[in-house]
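The next block holds one structure in the form of structure tokens; read it before the comments.
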Amino acid sequence: QNENFQYVSTQNRVKRLEILPERCTIEQFQFILCLFPQLKYLHVGMGKVEIETFIPYLSSRPFVQTHPLFFLRIGQLRKKSIPQLNRLIKLNHLHDHYLIKIVCCDLYLWW
């Protein structure tokens, strides 16, 4: 099964993925990124607790150096989460240039 996974991940050309309405855990997120190494756009559902784990992972050196993901859309997140998300991004040095927007209860994060 490991050979199958490696084959699929090396041949995979998926650049855009939406996983809804389920919430995504950090383990699932890491699996998705391994399975889809070309992924640039991801739309997932997650809560405040999951976001607190995702931001440090997104800012980790291995992730930044190896993955082209630059756009994350988080479904059903509240506008009041933006200040906390900004603090997490700055604290973890996610990126110098990023943009956060809320549209129809979805949070959009570009870097």
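Residue numbers (the numbering used here): -17 to 93.
Glycine included, each C-beta is placed from N, C-alpha and C at the ideal position.
Bear in mind the structure is a predicted one, so any value in this text is a computation, not a measurement.
query	result
Proximity below 8 Å, CB of Phe11 to CB of Phe36	yes
N-terminal and C-terminal residue of the alpha helix (DSSP H) that Arg55 is part of	From DSSP, Arg55 is part of no alpha helix (DSSP H) but of the beta strand (DSSP E) over Phe53 to Gly57.
CB contact flag (Asn(-16), Pro19, <8 Å)	no
Glu9 versus Leu40 - alpha carbon distance	13 Å
Proximity of Leu24 and Ser(-9) at Cβ, strictly below 8 Å	no
Spatial neighbours of Arg5 in its chain, beta-carbon cut-off 7 Å, leaving aside the 5 residues before and after	Gly27, Met28, Gly29 and Glu32
Residues near Pro50 by beta carbon distance below 6 Å, same chain, minus five either side	Lys22
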